[in-house]
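Protein chains: 2
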Amino acid sequence: MIRIAIDAMGGDHGPEVTIAGLQKVVERRPDVRFLIFGRDERVRPVLDKYPRVAEVSEFTHCEISVRMDDKPSQALRQGRWKSSMWKSIEAVKTGDADVCVSAGNTGALMAMSKFCLRTMASIERPAIAAIWPTVRGESVVLDVGATIGADAHQLIDFAILGSAMARAIFAIERPSVGLLNVGVEEIKGQEEVREAGRLLRVSNLKTMDYHGFVEGDDIGLGSVDVVVTEGFAGNIALKTAEGTAKQIGEYLRAAMSRTVMSKIGYVLARDAFNRLREKMDVRKINGGVFLGLNGIVVKSHGGTDDEGFAAAVELGYDMGRSRLIDGIRKELEAFHGRDGKRRGTTDVDTATDEE
Amino acid sequence: MIRIAIDAMGGDHGPEVTIAGLQKVVERRPDVRFLIFGRDERVRPVLDKYPRVAEVSEFTHCEISVRMDDKPSQALRQGRWKSSMWKSIEAVKTGDADVCVSAGNTGALMAMSKFCLRTMASIERPAIAAIWPTVRGESVVLDVGATIGADAHQLIDFAILGSAMARAIFAIERPSVGLLNVGVEEIKGQEEVREAGRLLRVSNLKTMDYHGFVEGDDIGLGSVDVVVTEGFAGNIALKTAEGTAKQIGEYLRAAMSRTVMSKIGYVLARDAFNRLREKMDVRKINGGVFLGLNGIVVKSHGGTDDEGFAAAVELGYDMGRSRLIDGIRKELEAFHGRDGKRRGTTDVDTATDEE
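Taken in sequence, the protein lines are chains A and B. Using the numbering used here, the letters of the first sequence correspond one by one to residues 274 to 628. Using the numbering used here, the letters of the second sequence correspond one by one to residues 274 to 628.
See below:
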């Protein structure tokens, strides 16, 4: 049985979408249980419409909801201890839930997650990992937005976190890992990236197959199972890929509706186009995973629909089932040594709005 | 009449591709003249096959060819003063050519261009600008790989360089300019990017319409005419977009060949698919422009074919015709003041292989 804490109030639409998403999950994963947090008068009426969800859920009323435009510091000040976002994260900390899912605002969710769960020993900053569809299947890409800049040791931490996640959800024993760079030669790129490459090569970890540098086009081609980068470049890569997919979709639509022949062709090939659309559907890959904390938090897109929220919850399900945290802890210990404390604890109390 | 210096030996295939590319240009731009540099025994036989190119060209034999895998320092040591790459850049310096085009290796071409042409007064480091196809048309994106990291002043220089290029080739009086960032809020992102944004907003330049921050997906959507970023993130964005386009091409091919119906649909809609392929054809947008030097150098992809090389040459043609350098000089003077010398001259003598 996998227990998932749900911040029902997160996202642009709140319970109407999040609870409807849970309905889809419960149809597909019968051994799931939900701990739902939110405002009574908003959540109860929706739960009444989805009795199958209500059946496997425990609901807790929370007075406060974090707004989508709250700054992280504001959310922490007003929502700590009592908001639906906080309560759902706390359920992971207390062990009541295996994982937490929220479509609430990223900055607030990250600030609260850090404050409540704390970073794992030896991890300086958590990362957000995305599942990226590729020609070969799927890859894990991190960090896609929690950090701005990362030194060599942080990049190595990301490699360990990402390979643990890849092992958990792709069932690959020794995932291949690449460092994102502007060229594949060892002399190229940022000093931090080159240093991380040198360290990964000499340490020859048992838990990952370090492949070397990869470039932007390697991500979509699926050259490696895990792509490691700092959050600025990672976020720009992710958004650029989304933009390119939308752009090509526009081109395709325009081309297919131009002549009578192309319209007939479109009708005949409709199944093929539907398959393509499904492949390109960002809802299906919705969900960024916060890694490096003492618990798993999944962030769903705020603007997603029920299908997208369900995908994020199912990603959380897979991560919860894999006992990911235990695995990561072992690998970090193996790499950093028993004590684990490399550079003190993290700066959880200084959560600023820049993140 | 536009005079273009051609490094005929550059690229994976040499004169067979470059001269064949010139044939396409001369058919489309009758007022073009070429100064061709390369090894006699390689270039002459190909020129004999393209009499129309030979007719409008002046050929100069060069003993040395820079190899595709030469390091920048190596290329400078061996190829300075006498290689076909050097000679074609030098033709721009002497004023014999309006612009230079080479498909040779990027590092060597940049090192030689800096050494020969020097950076413009007030410009610290040159940038490589790419033309990016968008839903709305085309945008200029820079830097896509000449720099690693940039401070606020360099980002502003890139904004000035990019908007001058956009004005030249898109014929827009006051191009819109966006700074690439991980969010559109003013509090987000790298300190350098935020500082550049503040400066661009207060200086309110006549020659550009500063739009604010843009994200990765804004590039393909064409939200602004000019996207400004440092070279690490810019290169990763460019390569990621290329990878995503290839990936979707793969999906489409697989989807269309799956069933008899989809195959028939494909045949009927073949014109539409050809249009789409043309839109996605990277050869048509081949050509990175080195900006910030006292002369225009266009870098073609090394592995391109004659059509791709022709596109790079035609980009050079458009840039040469627009008297771009004079325009940029005026704008930099207007922004930095008459003297122009902000922080000494550039480090041309310390060209290293990291670039």
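In this text, a Cβ means the ideal position worked out from N, Cα and C, and glycines have one as well. As the structure is a computational prediction, the values presented were derived from the model and not from experiment.
Using DSSP with H/G/I as helix, E/B as strand and the rest coil, what is residue i?
i: V586 (chain B); result: helix
i: C373 (chain A); result: strand
i: D416 (chain B); result: coil
i: W405 (chain A); result: strand
i: I277 (chain A); result: strand
i: T619 (chain B); result: The predicted model places T619 (chain B) with a pLDDT of 41, which falls under 50 and marks its position as unreliable; any figure quoted below should be read in that light. In this structure, T619 (chain B) counts as coil in the three-state DSSP scheme.
i: K355 (chain B); result: coil
i: I331 (chain A); result: Here the sequence assigns Glu to residue 331 (chain A), which means Ile is not the residue at that position. Strand, per DSSP.
i: G489 (chain B); result: helix
i: I460 (chain B); result: coil
i: S386 (chain B); result: helix
i: V455 (chain B); result: coil
i: R302 (chain A); result: coil
i: L290 (chain A); result: Note that residue 290 (chain A) corresponds to Val in the displayed sequence, not to Leu. Residue state, collapsed to three classes: helix.
i: L365 (chain B); result: According to the sequence provided, residue 365 (chain B) is Val. The question's Leu does not apply to it. V365 (chain B) falls in the helix class under three-state DSSP.
i: D591 (chain B); result: helix
i: V339 (chain B); result: coil
i: E411 (chain A); result: strand
i: I309 (chain B); result: strand
i: D544 (chain A); result: helix
i: T379 (chain B); result: helix
i: I421 (chain B); result: coil
i: S449 (chain A); result: strand
Of all the CB atoms in chain B, is at least one closer than 7 Å to the CB of residue i?
i: G284 (chain A); result: no
i: D490 (chain A); result: yes
i: R409 (chain A); result: no
i: A425 (chain A); result: no
i: F505 (chain A); result: yes
i: K387 (chain A); result: no
i: K552 (chain A); result: yes
i: G561 (chain A); result: no
i: G576 (chain A); result: no
i: G516 (chain A); result: yes
Which residues in chain B have a C-beta closer than 8 Å to the C-beta of residue i? List them in chain order.
i: D343 (chain A); result: Those within 8 Å of D343 (chain A) in chain B number zero; the least Cβ separation is about 13 Å.
i: I421 (chain A); result: V455, G462 and Q463
i: G581 (chain A); result: What G581 (chain A) touches in chain B: nothing, since even the nearest Cβ is about 17 Å away.
Kindly list, in the order they appear in chain A, the residues whose Cβ is closer than 8 Å to that of residue i.
i: A510 (chain B); result: G489, I509, A510 and T513
i: G565 (chain B); result: By Cβ distance, chain A contributes nothing, its closest Cβ being about 19 Å from G565 (chain B), past 8 Å.
Taking residue i as part of the beta strand (DSSP E), name the residues at either end of that continuous run.
i: H426 (chain B); result: Run containing H426 (chain B): none in the beta strand (DSSP E); it sits in the alpha helix (DSSP H), A425 to F443.
i: G575 (chain B); result: That residue, G575 (chain B), is in no beta strand (DSSP E); it is neither H nor E in DSSP.
i: G561 (chain A); result: G561 to L564
i: V500 (chain B); result: V499 to V501
With residue i as the anchor, note down where its alpha helix (DSSP H) starts and where it stops.
i: E464 (chain A); result: E464 to S476
i: I396 (chain B); result: Careful: I396 (chain B) lies outside any alpha helix (DSSP H) and carries neither H nor E.
i: G522 (chain B); result: G504 to M529
i: H609 (chain B); result: L597 to H609
i: S535 (chain B); result: V533 to L541
i: V319 (chain B); result: D313 to K322
Identify the contact partners of residue i in chain B, using a Cβ-Cβ distance below 9 Å as the criterion.
i: K519 (chain A); result: V408, D490, G493 and L494
i: I537 (chain A); result: G538, L541 and A542
i: M534 (chain A); result: L541, A542, R543, D544 and A545
i: A528 (chain A); result: A542, D544, A545, F546, N547, R548, L549 and K552
i: G485 (chain A); result: Residues of chain B passing the Cβ test: none, with the nearest at roughly 16 Å.
Mind pulling the chain B residues with CB within less than 7 Å of residue i?
i: E523 (chain A); result: V408
Return no unless some Cβ of chain A is closer than 7 Å to the Cβ of residue i.
i: M383 (chain B); result: no
i: M548 (chain B); result: It is Arg, not Met, that sits at residue 548 (chain B) in the sequence shown. By this cut-off, R548 (chain B) is an interface position.
i: R531 (chain B); result: yes
i: A441 (chain B); result: no
i: G377 (chain B); result: no
Since residue i and residue j should fall inside the 8 Å C-beta cutoff, what is the C-beta to C-beta distance between them, to a whole number of angstroms?
i: I404 (chain A); j: L588 (chain A); result: 7 Å
i: L452 (chain B); j: A400 (chain B); result: Rounded, the Cβ-Cβ distance is 14 Å, inconsistent with contact.
i: V298 (chain A); j: R325 (chain A); result: Not quite, the Cβ-Cβ distance comes to about 10 Å (not below 8 Å), so this is no contact.
i: F608 (chain A); j: L478 (chain A); result: 7 Å
i: F388 (chain B); j: E411 (chain B); result: Rounded, the Cβ-Cβ distance is 31 Å, inconsistent with contact.
i: S357 (chain A); j: A281 (chain A); result: 6 Å
i: S330 (chain B); j: I362 (chain B); result: That belief does not hold up - the Cβ atoms of S330 (chain B) and I362 (chain B) are roughly 17 Å apart, past 8 Å.
i: D491 (chain A); j: G470 (chain B); result: Contact flag wrong, Cβ pair sits at about 31 Å.
i: N378 (chain B); j: D321 (chain B); result: Not a contact, Cβ separation roughly 28 Å.
i: A402 (chain A); j: L564 (chain A); result: 5 Å
Please list the partners that residue i has in chain A, where partner means a Cβ-to-Cβ separation under 9 Å.
i: G418 (chain B); result: V455 and G456
At a cut-off of 6 Å, would you count residue i as near the ligand ATP, judging by its Cβ distance to the nearest heavy atom?
i: G410 (chain B); result: The ligand content of the structure shown is nil, which means the ligand ATP is not present either.
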